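J.: Here our numbering is used: the first residue of the sequence shown is 12, the next is one more, and so on. Note that CB positions come from ideal geometry on N, CA and C, so glycine has one too. These figures come from a predicted structure and were not determined experimentally.
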Amino acid sequence: STLIGLQHPGPDRVLFIGGALSRLPQYMLKHEPQQLGVIGLDPALFALAREAGLLPLGDSRLASVAGDARLLIKRAPAAFWDLVVVVLPEPDNVGTNRYCTMEFFQNIQRILRPDGVLCLILPSYGTAAEYTGPLLARRSASVLAAMARVFAVSRAVPIGGHLFVATNKPEQISFDPDLLAARLNARKELTPWSEVIEHGQVLRRLLEPSEV
Numbered sequence: 012s013t014l015i016g017l018q019h020p021g022p023d024r025v026l027f028i029g030g031a032l033s034r035l036p037q038y039m040l041k042h043e044p045q046q047l048g049v050i051g052l053d054p055a056l057f058a059l060a061r062e063a064g065l066l067p068l069g070d071s072r073l074a075s076v077a078g079d080a081r082l083l084i085k086r087a088p089a090a091f092w093d094l095v096v097v098v099l100p101e102p103d104n105v106g107t108n109r110y111c112t113m114e115f116f117q118n119i120q121r122i123l124r125p126d127g128v129l130c131l132i133l134p135s136y137g138t139a140a141e142y143t144g145p146l147l148a149r150r151s152a153s154v155l156a157a158m159a160r161v162f163a164v165s166r167a168v169p170i171g172g173h174l175f176v177a178t179n180k181p182e183q184i185s186f187d188p189d190l191l192a193a194r195l196n197a198r199k200e201l202t203p204w205s206e207v208i209e210h211g212q213v214l215r216r217l218l219e220p221s222e223v
């Protein structure tokens, strides 16, 4: 979630579509959003996620909604979210491939603020996250082409599965280590530090952007 959250310089409003049973929403709270929404089809998943501690109880920033994400997005207010994160299984059936279409991306674009960012996470068939065979390459190219017809900038990288990022403001998204380190250091709960032992005491030192 760190790389995803850093694709926006200051995401105040973050929406997850899927991912309730992952730790992504929980970790995204460390990026200090004012509001974090999670949409899932099955309300039982939210109950299970809370029991497992994946969706923190008592955090007023967090709200979960059960329902068809495509319908909820169509009814959602325009230009509201800074960052939308879509977490999908393999889009090899009618239920999931609808979230990889140009129509769906257009609906996401509508609810994003002008400088908003879309992140889409797809699996890599249980292989190493960096693996990209012919079948995966064709799948990713198809998804990326649909994104490119909607957003000004779209990119794909084999990180954490296959990560797709899109926006209408080119300078928002980046995989440049220096820029990402600067954004990371600006977020208190994520500021990296080094830990050393001197004279029997554990000392922590904040890292400079150049050291990350």
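1. Can you check which of these residues, ASP23, GLY48 and VAL96, is closest to ALA74 by C-alpha distance?
2. When the Cα atoms are used, what is the spatial distance from LEU99 to PRO188?
3. Using CA coordinates, which residue listed in GLY30, ARG149, VAL161 and HIS42 is at the minimum distance from GLN117?
4. Keeping to the same chain, check which residues put their C-beta closer than 8 Å to that of PRO88; ignore five residues upstream and five downstream.
5. Mapping the DSSP letters down to three states, classify THR106 as helix, strand or coil.
6. For ALA152 versus SER165, is the C-beta distance shorter than 8 Å?
7. Quick test of your reading: ASN179 and ALA163, contact by CB under 8 Å. State the CB separation rounded to the nearest angstrom.
8. Hey, which unbroken runs of the beta strand (DSSP E) at 3 residues or more fall wholly within the region 164-206?
9. For PHE57 and ASN104, I'd like the C-alpha separation in whole angstroms.
10. Measure how close the beta-carbons of ASP93 and HIS19 come, nearest whole angstrom, since I'm counting them as under 8 Å.
11. Helix, strand or coil for SER135 per DSSP?
12. Please return the same chain residues whose Cβ sits closer than 8 Å to the Cβ of GLN46, not counting the five positions on each side in sequence.
13. Whole angstroms is fine: what's the gap from SER33's alpha carbon to LEU65's?
14. Could you work out which residue in PHE115, ARG86 and GLN183 is closest to ASP126 when comparing CA atoms only?
T.: Taking the geometry as given:
1. GLY48
2. 26 Å
3. VAL161
4. ILE122
5. Going by the sequence as given, residue 106 is Gly instead of Thr. In this structure, GLY106 counts as helix in the three-state DSSP scheme.
6. no
7. 5 Å
8. 164-168 and 173-178
9. 23 Å
10. 6 Å
11. coil
12. ASP23, ARG24, VAL25, ARG72 and ALA74
13. 7 Å
14. GLN183
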